Every structure is written in structure tokens, then in C-alpha cells.
Amino acid sequence: MNAQNFYVQFCRRTARRYPFLRRFSVTTIGLILVWTIAIYTGERSTFASHITSCAWESWEEWPQDAAPHRLVFVSDPQLVDPHTYPGRPWPLSSLTEFFTDKYMARNFRLINRELDPDSIVFLGDLFDGGREWRTSRAKELKGAARQELIDLGILRENQREGERVDVKTIEGQKVTTDLREFISGEQGRWEEYGTSQWTSEYNRFGKIFFAPEQLYPRADRAITAARDVPMDPVAIENGAKSAQWKEYHIAGGKQRKIKTNLPGNHDLGFGTRVQIPVRDRFEAHYGDTNTVYVIANHTFISLDTPSLSAADEMTDPEHKQQARLEHVWQPANDFLNKLDAAGPKVVAEALNEYFPTARPSQGFSHEVVDPKEASRRPTADKHTAEPRLPLVLLTHVPLFRPDGDHCGSQRERGRAIPISHGYQYQNVLTPGLSSTIARKISETGDLVHVFSGDDHDYCDLVHRFNVKPWIDGKIQDKPVMKAIREITVKSFSWAMGVRRPGFQLVSMWNPVDAQGISIGGTPTTIQTHLCLLPDQLSIFINYGLLLGVTLVVLIVRGVVLSLRKPDVSDLDEDDFADEPDRFSLPRTYSYHDDRPLPNGRVSGYSSPNKLPNNEAKGRQRASSTSTSHNAGNDNQHLSVQRSYNARTRSVSPAASLNGASTLGVYGMEKAGYMSNPRWHDPDQDSDEESHVGSHCGDDSQAKHDKGFRAKPPSKARRALNSFLEGLLIVSLPAGLLYGFLIKNG
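Position 205 of the sequence shown, counted from 1, bears residue number 647 in our numbering, the numbering being contiguous throughout.
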């Protein structure tokens, strides 16, 4: 009991010291706690739990001594821009852009912090409207600068700066095409958006995925100077200026390998609508769209299928546009045709890093030779017999499959990828193009896996292609039906039509010897796992439901408080207006005396409100001014405002000691003696202290009557005030917490 009393008294003292605490109640405190838990869970705990549930050790099945290379596939981030939701008004469009960026940045940072992958590969559609943003052209030169380029043979007399003209003869007609010309799509709908829009989205992409705090959240990636590097002596002998520069290195942990060069149909367009300047802009920032590289003793082939589809598109089954659009699909086709030579060379260079003495490189001698002379090319046929590493194909558009093929139980929408096409998209490649790709890639090595994007949802199925197999590092002459697994990776953004975005985890372990032959002894070298991200839309819905519950609770609380009779301890200073007489200080006081006074009242407590009208008015007039009978004529009209203390000092000491005089009260007053000492109402003598003891501005000197006094608030008004006060108390800390968590990741 003592502890309870101490706690109660402590709370009361605290409330008196900090008056704003009196605004809090059990209901509002409970709502604040509920909102705190909901916001922290929705903005922190949910994201962390989804990422940590995909820990590598929880699903990998390698031998205990294995050291796998861990890779993450990210597909279709498709940064939200004006092209994504063209009919969405402001500020909803800006909020969508902000929260999708925040969602991807938060998840990407958690992936690097919790999962710590070795490599990250993007599968296209980095932007949503990248293909629609107009490209810029070279500035027109004038005068001597242009003439100099003409003299050097770089420009022709009638050629524009930056112009690339393609001349073809199709069906006996000469066709000239300016490859640098940009044609705005959708009937010029996006004409106003140009290079500045594309650059701003490129910067947004960099802040989300390339920033050091995003890639390396656990390390301080400080860039420090390593050493001074002098100019090559041979270059100095050839006339170069002698100079030195500093070579930098990055400290703070391992260096992740990031690949973003695979384009999507939203980056370039699709098929016949791919434009050369758009593709050139993409390659200038992200690298060649057709590449081959080695990761974890696997050969990755990144293929620009949106451009390659210009040779075989569903909208052009008779290939009428193939010849005219050769400049679109030819680079990807040449890459496929030369892959048999380029792939082994890349593999040899990768193996040389692990076994530098097993395969010494042979360079050119220091002499002038004809580059076309094959006998003088030391690497002309060096890698033809090199062993091949397992191949992994990366394509943005999935390979063809029969309509209705089941994608597995982890697909969110439907059971299969629909076979359809439209403006600037095609859900899958054509059957002929898919077979051609599988056949040409299989001639380079053993194709074991395909990863794709574009569909935004998950799909896991097995293709069967008729290709030549590889046995003991040698390709066989007789084709066989080979099963190749393809996984279509989910979109990384929650604004792309899927409630549960995701990414693909890939664990690779393929130890090899100096000849590139696998020595791991495992039946497979690749293991994959789908990792799902939080449902951001459900988080917003939960916030909305909690907001509705909060409003209902606060409304009920306001109604209950308006119907309940207010308690004295709960009332504020403004609440005294309802009962001014109950809480006001006594106006008069005297010692106890039951004898009647001349005015018919007994001494003691009295209220000025009960004085007779004539007496009250007389006292009011008397209190306004006071004149001295002994004063001269010169100051008889002066008004004297007497203080309250001056009036209380006019008490007879004798009267105070004897309690009461032997004379009657009436006789004493007639004789000039003081009656029993009394505290007089200040309103009866002066208007100087008319506010003392009054809580509602009750002034007996006021010229207006009580009808003008402020009325107490109605029950509806009290309910509304209680509701608004509770809403402010709950929303302020909840809003501050939400803003802090959003701003800081």
C-alpha cells in the first residue's frame, strides 16, 4: 500500500511539474505503444526477418569443406517514372516513386549486410521508361573545326555531326537509314522527356544500387592512395610527356562483382522498335549488352535478346523486316557466331589467374607485322582445344515454352507465363530463336542453366533442346535431347504487379584443376533458392486498418468523456468556467459573530451576489472614488485608488484583543469605534482588484450583465475537443518515429 501511495503521489507531483503530461491517458498511451510496435515492425523487423530467413547455410547442401561462390540475381527493378503510371496524379505519383525507391534501397542494403554475396547480377529492365526518353545529338560544328574533320575523312560534305547512315539495297531499291535518329514512340506522347530525364533515373539507380553505403553497409570503404605510378618508359621514348599519377585502392573488405549490362525491353525497346541511339546510350553507361565472363568457374553469357528478336519476332512471322533491321540484330547474332572462339579465350584468362604457370601466355614480338597475317598471330588457334567450363545463359526475355507449361508452386499469378506480345514487349522468344540460341551456345560448352526476367513473377521449368552434348571436354557429333533448367526471377520492385517481390540466390561450387576439369565430385555445381521480400502493400493496408481502429477508439473516448461528469482533479483552468461560484475564493470574512448587523445580516461569510441591489450599487459607487473630509478644497475632487492592504490595516487593536466591545455593534458604529474586523470584498470598494478570486472574468464593476458570460461548451463540443486532443497526442510521436525510420533507411 505504501508503494502504491508513493507511486500515486509521484505521478501527481510529476503532473503538477509538467502540466502537458496531464493530457495523456491510459487510452492514448496504449495507442502510442501499439503504433510504435506496428511502425517498427513494418519498417524494420519485417524486412530484416525476410532477409535473414534466406541465410545461405539454411538451404545450401555442399560438402563441409566446400567454399562456394555466392551470387544474387536481381531482376526488373524498373525505377518508377512518369511512364509507369501515366494517369496517376500528383502527389500520388511522387509518393509511389519515393516509396518504391526506399523499398528497393532498404532490401538491397540488407542483402549486402546480412547475406554478404560475392557477386550481384542484374537481369535487365533497370528503368521503366528508358526506351522512351529522347537521346541527344552531337552539336553542329562550323567553320574550321568542321572542315578539319572533313579533311581527315571523318565527315562528308553533306553529313551531319554524329550521323550514322546505313545504306542497303532491299528488293532492288536503295534504302538509306540514319542510325542516330531518334523516333519518339506512342505517337510522341513522351516527346518532352529527354536526356535529362534518363540521367536523373541513372543517378537514382546509382544511389540505390551503387552507393558505397548500399554495397558495403558493414565496411568503411575509404579510398586511399596506394602509390605513385610513372609513365611507361616506352611511351616516353615515343614522344609522350613524362608524368606521374596516383593509383588508388579501396580499403574495407572484399570487392563485390556487379554486372548491370544485360538490357531489357524497357531499357532498349523490343525487336523492330529497338533504336540504335538508345542502345548506344545504355552501353555507354552500363557496358556492352553482349558479353561473356567467368564467375566461380562458370562461364556466364549475357545475351541481348531484345535486339536479337528483331530477326525473329512474333509480330513479323514472315521476317519481312529482317533485312531492313539488320543493324539492330546483327551485333547480337555476330556475338553468338563468334562465341565458340571468344568463350574459351575468356576461360583461359580466368584459369591463368589460378594457375599462372600451367598456361603461359604468348605475346607478339617487338617488330612490325601485318595484323592480317595469320602465321604471325600467336593466339590464332591457341584456345581451340581448351577445356570448357559449365555455361550459364542470361537473357532478359525467357525462352519459348508451350503455352500452359506449369511454372511451379512458387509462382504468385496463375500457373504459367502467357504467350502474348504487344507494344514493345513479347513474353517469350519465338521457338526458332530459342532453339538457335540453345544450339549455338551449346557448341561453346555444356549449357547447364538459364536465368531470365521480364515476367516479374517466378517460373521454374525444364526445357528440352536437341543439341550436341559434351563428354570429357569434347563435343559429340550426334545431337541428343538435353534438359536445361530455366528460372525466371521475380521482380525486385513492389510496384510491378506482384505482392511479394523477390530475388534469386545462387550458390556455385566447381573446383577445377589446371586444365579446367571439375574435381569437386558433386552431381551439380549450381544450387538456387528463391528469397521473397515483404509485401509492402500489406504493410500500408495494416497502417490503414490501425488508423481506422485508432480513430474509432478516440471517438468513443471523446463521447465517453463528454457524457461523464467532470471530476475536480481532471479539470483544467478552463473547466472552472462551468462552476465559478464553487471554486472561487470567499469574498468577505470576519470573526464569528451571530449578532445582526445594521443591514440585517450577520457577520461571517457573505457573497456580494446576495447584497441588496441598492446596497450593492452604493458600494460600487463608493468604491469608485473616495474623498477625504479633512482635505482641502484643492484636492477634494481627486480620486484615490486604495490598495487592498491599506484597507485591511484599519483594524482596531483593542477590538482585536477583546474580541468584541461592551457596546452594541450599532452603538459602536455610532460612537466611531470599529466593529468586529472584517475582510471586505474588494469589488465593493475598488475595481483595482476586481479579478481576485474570480475564474471567469467575473467583475462586479462590469457594465454588462451575466448574459454575456461565456457559455460552457456543449457535450458535442467537448467530445470533439477530446477527440482532436487525443488524435494529436497519438499522431505526433507516431509520425516522428515513422519519419525517422523512413529518413534513416
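The beta-carbon is built from N, C-alpha and C at its ideal position, and this holds for glycine as well.
Fair warning: this is a prediction, and the values are worked out from it, not measured in the lab.
| Query | Result |
| --- | --- |
| Own chain residues within Cβ distance below 6 angstroms of Thr470, not counting five before or after | Gly1168, Ile1171, Val1172 |
| Gly729: CB within 7 angstroms of a non-hydrogen atom of the ligand GTP | This structure does not include the ligand GTP; it has no bound ligands of any sort. |
| Gln451 - containing alpha helix (DSSP H), residue span | 444–459 |
| Euclidean distance between Cα positions of Ala752 and Gly706 | 14 angstroms |
| For Asp897, the nearest candidate out of Ser877, Ser862, Gly887 (CA to CA) | Ser862 |
| Where Thr872 falls, given that 16 or more other Cβ within 10 Å makes a residue buried | buried |
| Phe945, enclosing beta strand (DSSP E) - first and last residue | 944–950 |
| One or two residues paired with Ile917 in a DSSP bridge | Trp912 |
| Straight-line gap, Arg999 to Phe1165 (C-alpha atoms, nearest Å) | 7 angstroms |
| Span separating the alpha-carbon of Asp955 from that of Leu831 | 11 angstroms |
| Cβ neighbours of Asn549 in the same chain (closer than 6 angstroms, five flanking residues each side left out) | Leu975 |
| Proximal residues to Asp570 (C-beta, below 8 angstroms), its chain only, five neighbours per side dropped | Gln520, Leu521, Val522, Asp523, His525, Thr526, His708 |
| Short Cβ contact (8 angstroms threshold) for Leu836 with Ser744 | yes |
| Rounded distance between the beta-carbons of Ile650 and Met756, thought under 8 angstroms | Contact doesn't hold; Cβ gap of about 33 angstroms is too wide. |
| Exposure of Val734, with buried meaning 16 or more beta-carbon neighbours within 10 Å | buried |
| Backbone CA spacing between Asn703 and Ser495 [nearest angstrom] | 30 angstroms |
| Coil, strand or helix - Ala597 by DSSP | A small correction: the amino acid at residue 597 is Leu; Ala does not occupy that position in the sequence shown. If DSSP states are grouped into helix, strand and coil, Leu597 belongs with coil. |
| Candidates Asp899, Pro786, Thr747, Cys453: closest to Glu854 by CA position | Asp899 |
| Residue(s) in a DSSP beta bridge with His891 | Val834, Arg927 |
| Secondary structure of Phe842, DSSP reduced to three states | coil |
| Distance, Val940 Cα to Glu1193 Cα | Outside the displayed span of the chain (443 to 1187) sits residue 1193, for which this structure offers no information. |
| Own chain, CB closer than 6 angstroms to Ser578, minus 5 neighbours either side, in chain order | Thr637 |
| Same chain, Cβ closer than 7 angstroms to Arg646, neighbours up to 5 away in sequence not counted | Leu521, Asp543 |
| Contact belief for Val810 with Thr741 at Cβ below 8 angstroms, rounded distance in angstroms | With a Cβ gap of about 35 angstroms, Val810 and Thr741 do not count as contacting. |
| His761 burial status per 10 Å Cβ neighbour count (16 or more: buried) | exposed |
| Alpha carbon of Gly648 to alpha carbon of Tyr796, nearest angstrom | 32 angstroms |
| For Val991, the three-state DSSP class (helix, strand or coil) | helix |
| Residue from Asn1186, Ile926, Asp845, Gly785 with nearest C-alpha to Pro829 | Gly785 |
| Secondary structure of Gln1062, DSSP reduced to three states | With a pLDDT of 46 at Gln1062, under the threshold of 50, the modelled position of that residue is not reliable, and no figure is offered here. |
| Presumed contact (8 angstroms Cβ cut-off) between Trp640 and Gly572, rounded CB distance | 6 angstroms |
| Per-residue DSSP class, three states only, for His848 | coil |
| Residues of its chain near Pro860, where Cβ-Cβ distance is below 8 angstroms and the 5 sequence neighbours each way are ignored | Asp845, Asn869 |
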